[in-house]
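**Q** There's a structure below that I have some questions on.
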Amino acid sequence: MIVEQPKQIAFGQELYPTVWIKAAFILQKITKKHAFSDGNKRTAIQAALSFLHINVYDPVDKDFINQSEEFVLSITNSPDNEETMLQVAKWFEMVHTKLIY
């Protein structure tokens with residue numbers, strides 16, 4: 851299951867060590883694996899945003915949804931590799947802030 855894979859540990863090391871890389875993995879894999887006949891991109895961004903929210907991060911800008919649509923489309927046309935995942939992780943980190951309760 852895609853949402854469980856970011857928890858993987860190999861030789862005592864997390865394969866996806868940061869919250870940003872974990873969220874990027876979720877977005878990239880749901881987008882690329884086409885788990886559904888329709889709605890993969892919408893599901894991917896919602897799953898990644900939910901994961902980040904659970905981990906106490908929310909988008910900085912309220913216009914984030916408009917930006918995310920364009921960004922997810924660009925990911926759809928990018929290779930399914932580590933470089934793309936790191937770009938997604940960097941983007942998530944730039945557009946999110948830690949919530950303070």
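Each number in the working numbering corresponds to the 1-based position in the sequence shown with 850 added. Ideal placement from N, C-alpha and C gives every residue a C-beta, glycine not left out.
Can you find the residues in the same chain that come closer than 7 Å, C-beta to C-beta, to E943, ignoring five residues on each side of it along the sequence?
**A** W870
**Q** Count the other CB atoms within 10 Å of the CB of I880; is the residue buried (16 or more) or exposed (fewer)?
**A** buried
**Q** A898 and L923: beta carbons closer than 7 Å?
**A** no
**Q** Do S918 and I950 have their beta-carbon atoms positioned less than 7 Å apart in this structure?
**A** no
**Q** Does I925 pass the burial test, meaning 16 or more other C-beta atoms within 10 Å, or should it be called exposed?
**A** buried
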